[in-house]
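Enquirer: Before I ask anything, let me first share the structure, which is written out below as structure tokens.
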Amino acid sequence: MVSNGQTTKMADVRTSEKAPFEYVVEQFADIKVLRYQIPGWENLTLKEQKLVYYLTQAGYSGRDIIYDQNYKYNLKIRKALENIYVNYKGNKDSEDWKNFEIYTKRVWFANGIHHHYSNEKMKPAFSAAYLTGLMKATQTTLAPEIVAVLFNDVDSKKVNLDESKGLLEGSAIHFYDKGITAKEVEYFYAKKKSPDANRPYSFGLNSKLVRNSKGALEEKIWKSGGMYGSAIDKIVYWLDKAKGVAENKEQAAALELLISYYKTGSLKTWDDYNIAWLKATEGNIDYINSFIEVYNDPLGYRGSYETIVQIKDFDMSKKMEVISKNAQWFEDNSPLIPEHKKKNVVGVSYKTVVVAGESGDASPATPIGVNLPNADWIRSEHGSKSVSLGNIIEAYSKAGGKGRLQEFANDPEEIALAEKYGELGDKMHTALHEVVGHASGQINPGVGTPKETLKSYASTLEEGRADLVGLYFLYNPKLQELGLVDDWKKLGMESYDSYIRNGLMTQLIRLEPGSDIEEAHMRNRQWVSAWVFEKGKAAHVIEKISRDGKTYFNITDYEKLHDLFGQLLREVQRIKSEGDYEAGKNLVENYGVKVDQKLHAEVLERNKQFTSAPYSGFVNPVLVPKLDSKGQIISIEVTQPKTFAEQMLHYSKNYNFLPLEN
229 MVSNGQTTKM
239 ADVRTSEKAP
249 FEYVVEQFAD
259 IKVLRYQIPG
269 WENLTLKEQK
279 LVYYLTQAGY
289 SGRDIIYDQN
299 YKYNLKIRKA
309 LENIYVNYKG
319 NKDSEDWKNF
329 EIYTKRVWFA
339 NGIHHHYSNE
349 KMKPAFSAAY
359 LTGLMKATQT
369 TLAPEIVAVL
379 FNDVDSKKVN
389 LDESKGLLEG
399 SAIHFYDKGI
409 TAKEVEYFYA
419 KKKSPDANRP
429 YSFGLNSKLV
439 RNSKGALEEK
449 IWKSGGMYGS
459 AIDKIVYWLD
469 KAKGVAENKE
479 QAAALELLIS
489 YYKTGSLKTW
499 DDYNIAWLKA
509 TEGNIDYINS
519 FIEVYNDPLG
529 YRGSYETIVQ
539 IKDFDMSKKM
549 EVISKNAQWF
559 EDNSPLIPEH
569 KKKNVVGVSY
579 KTVVVAGESG
589 DASPATPIGV
599 NLPNADWIRS
609 EHGSKSVSLG
619 NIIEAYSKAG
629 GKGRLQEFAN
639 DPEEIALAEK
649 YGELGDKMHT
659 ALHEVVGHAS
669 GQINPGVGTP
679 KETLKSYAST
689 LEEGRADLVG
699 LYFLYNPKLQ
709 ELGLVDDWKK
719 LGMESYDSYI
729 RNGLMTQLIR
739 LEPGSDIEEA
749 HMRNRQWVSA
759 WVFEKGKAAH
769 VIEKISRDGK
779 TYFNITDYEK
789 LHDLFGQLLR
799 EVQRIKSEGD
809 YEAGKNLVEN
819 YGVKVDQKLH
829 AEVLERNKQF
839 TSAPYSGFVN
849 PVLVPKLDSK
859 GQIISIEVTQ
869 PKTFAEQMLH
879 YSKNYNFLPL
889 EN
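For what it's worth, our numbering labels the leading residue of the sequence shown as 229, then goes sequentially.
Encoded structure:
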């Protein structure tokens, strides 16, 4: 590992995990970097520990892919920034240098020069002239046109969802050649046909779309021997080692199919792999690995590289399996139009897991719950796996404070409910969202996939739909009947309070003044909250209160709010089931995009008193294998990185398998 130009032994820059645990690593800009533990590591067998180690190494080996996917110049920019960071010998007490350090860390955190959440390009707080001086002092090279991009307004948005600016023309994401339009893409994929129309392939998931020398569109497949092949070969190397220590034949068979997919790029193999992965439910270790979520593609085709390695949390998983076993009850008792309900919710599996390592689009900023696979037909026929990242949620909880709750909650009763039921409410909403939400509902026969019918609105509508399923059932005595909560009504009240407070107000701390909402999850939280607020106005279901110059939202009728959530869920499922693009677009654009700028300014002003950053992410624990004289692993120790920079530099030095231009 290299730090400030000095080569240091790995053991010198890490603290033992047995020491008193410090969750917070550091804070800069709008980011707080945390650590997480791997409880129960010592209870795994050596074979299980090896499996975890090999899977994490596979994940890290593809780290550079997400940088390149996010923007075509990211790898060149990162290399230049890191060369300066490591080799600069000049004045490190100046404001300019401190701002350079912060900018470099922001790029690491976002996997590129665009903010991980807002998608806006992050402008340096130092001048181009200062950067040029740093480059000269450290013999760093970076093309003048790339240096200019850091400071100008070119490629200002990673993912643009404003159709008036052109979904592709306005996006800096590196999924399409410059000049390709959304209409061309739709036409290109409209011509592709799956062998079975009821089981459509995920066309475009693992490729970049380019214009060839003849002017025609063609795909550059992400596979061994293709685009990103040098990194993919390393991923395959470690996956093959993981297959050798698989816990059972089902797990080994799934890994073999994943390896085959990486080697061939076959979307048929991808589907076969997902089905095999779904069936591999036995064992203590599981993983997510490949090109998965399509949020970063404004057209919803291409998957961002992502990996999460997981160890089963036995105690929490037993509790949450109750929801899985009752998935059909939730479907049968949902407010959906009868023909939109699934007659047989199959194969929903839900586990609370302990994360052991993350990479790509899941790191440093991580989800707290995951439900896969994404193909609707596989979910319908074979079910899905849902996981809650238990140690990540715990780390957030241990590192957080209560100040914002007291500032933005309406009254002492709301605060008391949040303090007693907030953590359980979050876990229950995540469980209901992932297990029941994403698994519920069905598309009408002959209607295309949401990617085809709802286009750029598909992601936020799906996330909002799953949120609404959770919200509808959080306020339901069934949860108490199942032994999951001790007071369903109070848990539901707290969950409604916190969702409305966040959706209409506190999530705005994440936006710059004057901004619209771009990110899919933020959009869905606002359109859900704003819709029920408006529809409940006549009955004063939610009151907007101004007190001492401050705004608060107070729910006066939880029963009616529950009914409104049900009405909206019914409509959003109808939109998905029927492929009603115009209705979906109107819902999102009218309720989820525009920000009340006066309220936003107030929220930002009220938030200034809090030093805690609005965004958090994580460094990964480091798994250090001990070898015998024959080079065989005899034990694996969990250690923790001391600083964010050390881990980022270590990754760049040891997992840089891609060329700078792809």
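Note that beta-carbon positions come from the ideal geometry of N, C-alpha and C, so glycine has one too.
Between residue 347 and residue 746, is the Cβ-Cβ spacing less than 7 Å?
Expert: By 1-based counting over the sequence shown, the position of residue 347 is 119. By 1-based counting over the sequence shown, the position of residue 746 is 518. Cβ atoms of residue 347 and residue 746: closer than 7 Å.
Enquirer: Give the range of the beta strand (DSSP E) segment to which residue 248 is assigned.
Expert: Taking the sequence shown and counting its residues from 1, the one referred to as residue 248 is at position 20. Counted as a single uninterrupted DSSP element, the stretch harbouring residue 248 is not any beta strand (DSSP E), since DSSP gives it neither H nor E.
Enquirer: Would residue 654 be called buried (16 or more neighbouring beta carbons within 10 Å of its own) or exposed?
Expert: Position 426 of the sequence shown, counted from the start, is the residue given in the question as residue 654. Residue 654 is buried by the Cβ-count criterion.
Enquirer: Could you spell out where the beta strand (DSSP E) holding residue 771 opens and where it closes?
Expert: For this step, residue 771 is matched to residue 543 along the sequence shown. Annotation: the continuous beta strand (DSSP E) that includes residue 771 extends over 770-775.
Enquirer: If you draw a straight line from the C-alpha of residue 536 to the C-alpha of residue 752, how long is it?
Expert: The residue given as residue 536 occupies position 308 in the sequence shown. The residue given as residue 752 occupies position 524 in the sequence shown. Going from the Cα of residue 536 to the Cα of residue 752 covers about 24 Å.
Enquirer: Using the three-state DSSP reduction, which class does residue 464 fall into: helix, strand or coil?
Expert: Counting from 1 along the sequence shown, the entry for residue 464 is found at position 236. Three-state DSSP puts residue 464 in a helix.
Enquirer: Does the segment 702-722 come within contact of the segment 839-848, defined as at least 3 CB pairs closer than 8 Å?
Expert: no
Enquirer: How far does the alpha helix (DSSP H) with residue 751 in it reach, from first residue to last?
Expert: If you number the sequence shown from 1, residue 751 lands on position 523. Per DSSP, residue 751 belongs to the alpha helix (DSSP H) from 748-763.
Enquirer: In angstroms with no decimal places, state the Cα-to-Cα distance between residue 301 and residue 716.
Expert: Position 73 of the sequence shown holds residue 301. Position 488 of the sequence shown holds residue 716. Approximately 51 Å between the Cα atoms of the pair.
Enquirer: In angstroms, rounded to a whole number, what distance separates the CA positions of residue 405 and residue 456?
Expert: In the sequence shown, the residue the question calls residue 405 occupies position 177. In the sequence shown, the residue the question calls residue 456 occupies position 228. If you take the alpha carbons of residue 405 and residue 456, they lie about 16 Å apart.
Enquirer: Would you be able to state if there are at least three C-beta pairs under 8 Å between the segment 319-329 and the segment 289-304?
Expert: no
Enquirer: Using a Cβ-Cβ cut-off of 8 Å (strictly less than) and excluding sequence neighbours within five positions of residue 735, which residues of its own chain qualify?
Expert: The sequence position of residue 735 within the sequence shown is 507, counting from 1. Correct list, in chain order: 750, 753 and 754.
Enquirer: Using the C-alpha atoms, what's the distance from residue 393 back to residue 342?
Expert: In the sequence shown, residue 342 corresponds to position 114, counting from 1. In the sequence shown, residue 393 corresponds to position 165, counting from 1. Just so you know, the alpha carbons of residue 342 and residue 393 end up roughly 18 Å apart.
Enquirer: Which residues in the same chain as residue 879 place their Cβ atom closer than 7 Å to its Cβ, once the five residues preceding and following it in sequence are excluded?
Expert: By 1-based counting over the sequence shown, the position of residue 879 is 651. So the qualifying residues of the chain are 288 and 291.
Enquirer: Is residue 732 helix, strand or coil when you go by DSSP?
Expert: The count along the sequence shown starts at 1 and reaches residue 732 at position 504. The answer is helix: DSSP assigns residue 732 an H, G or I state.
Enquirer: Check whether the Cβ atoms of residue 448 and residue 438 sit closer than 7 Å, and answer yes or no.
Expert: The residue labelled residue 448 in the question sits at position 220 within the sequence shown. The residue labelled residue 438 in the question sits at position 210 within the sequence shown. Going by C-beta atoms, residue 448 is nearer than 7 Å to residue 438.
Enquirer: So, helix, strand or coil for residue 455, using DSSP?
Expert: Taking the first residue of the sequence shown as 1, we reach residue 455 at position 227. Strand at residue 455.
Enquirer: Should residue 320 be listed as close to the ligand MN, given that the test is whether its C-beta is under 6 Å from any heavy atom?
Expert: Because no ligand of any kind appears in the structure shown, any question about the ligand MN cannot be addressed here.
Enquirer: Can you tell me where the beta strand (DSSP E) holding residue 348 begins and where it ends?
Expert: Along the sequence shown, one-based indexing puts residue 348 at 120. Careful: residue 348 lies outside any beta strand (DSSP E) and carries neither H nor E.
Enquirer: Look at the alpha carbon of residue 667 and the alpha carbon of residue 378, and state the distance between them as a whole number of angstroms.
Expert: In the sequence shown, residue 667 corresponds to position 439, counting from 1. In the sequence shown, residue 378 corresponds to position 150, counting from 1. Between the C-alpha atoms of residue 667 and residue 378 there is a straight-line separation of about 42 Å.
Enquirer: Mind checking residue 382: buried by the 16 CB within 10 Å criterion, or exposed?
Expert: By 1-based counting over the sequence shown, the position of residue 382 is 154. By the 10 Å Cβ count, residue 382 comes out exposed.
Enquirer: Got a sec, what are the start and stop residues for the alpha helix (DSSP H) residue 277 sits in?
Expert: Here residue 277 refers to the residue found at position 49 of the sequence shown. Per DSSP, residue 277 belongs to the alpha helix (DSSP H) from 274-289.
Enquirer: Using CA atoms only, rank isn't needed, just tell me which of 725, 515 and 609 is closest to residue 670.
Expert: The residue given as residue 670 occupies position 442 in the sequence shown. Residue 670 has its Cα closest to that of 609, out of 725, 515 and 609.
Enquirer: Does the pairing of the segment 521-534 with the segment 396-416 give three or more beta-carbon distances under 8 Å?
Expert: yes
Enquirer: Less than 7 Å separating the beta-carbons of residue 260 and residue 844?
Expert: The sequence position of residue 260 within the sequence shown is 32, counting from 1. The sequence position of residue 844 within the sequence shown is 616, counting from 1. Yes, the pair counts as a contact, with Cβ atoms nearer than the cut-off.
Enquirer: Taking the alpha-carbon of residue 534 as reference, which of 284, 276 and 505 has the nearest alpha-carbon?
Expert: Position 306 of the sequence shown, counted from the start, is the residue given in the question as residue 534. Here the closest residue by C-alpha is 284.
Enquirer: Which residues does DSSP pair with residue 517 in a beta bridge?
Expert: Numbered from 1 along the sequence shown, position 289 holds the residue referred to as residue 517. In DSSP, residue 517 forms a bridge with 535.
Enquirer: Based on the DSSP output, what are the partners of residue 853 in its beta bridges?
Expert: The residue given as residue 853 occupies position 625 in the sequence shown. Answer is 864.
Enquirer: Hey, how far is the Cα of residue 890 from the Cα of residue 296?
Expert: Your numbering for residue 890 matches position 662 in the sequence shown. Your numbering for residue 296 matches position 68 in the sequence shown. Between residue 890 and residue 296, the C-alpha separation is close to 7 Å.
Enquirer: Decide if residue 856 is buried, meaning its Cβ has at least 16 other Cβ atoms within 10 Å, or exposed.
Expert: Here the question's residue 856 lines up with position 628 in the sequence shown. Burial state of residue 856 is exposed, judged by a 10 Å Cβ sphere holding fewer than 16 other Cβ atoms.
Enquirer: Please state whether DSSP places residue 442 in a helix, a strand or coil.
Expert: Within the sequence shown, residue 442 is the residue found at index 214, counting from 1. Three-state DSSP puts residue 442 in coil, outside helix and strand.
Enquirer: Measuring alpha carbon to alpha carbon, tell me which residue in 859, 883, 849 and 876 is nearest residue 251.
Expert: Start at 1 with the first residue of the sequence shown, and residue 251 comes out as number 23. For residue 251, the nearest C-alpha among the options comes from 849.
Enquirer: Quickly, what does DSSP pair residue 787 with across the bridge? List them, please.
Expert: Position 559 of the sequence shown, counted from the start, is the residue given in the question as residue 787. Partner(s): none; residue 787 has no beta bridge.
Enquirer: Determine the burial state of residue 579: buried for a count of at least 16 other Cβ atoms within 10 Å of its Cβ, exposed for fewer.
Expert: Locating residue 579 in the sequence shown gives position 351, where the first residue counts as 1. Buried, because 16 or more other Cβ atoms sit within 10 Å of the Cβ of residue 579.
Enquirer: Could you compute how far the alpha carbon of residue 649 sits from the alpha carbon of residue 586?
Expert: Locating residue 649 in the sequence shown gives position 421, counting from the first residue. Locating residue 586 in the sequence shown gives position 358, counting from the first residue. If I take the Cα positions, the gap works out to 29 Å.
Enquirer: Mapping DSSP to helix, strand and coil, what is residue 885?
Expert: Locating residue 885 in the sequence shown gives position 657, where the first residue counts as 1. The answer is coil: DSSP assigns residue 885 none of H, G, I, E or B.
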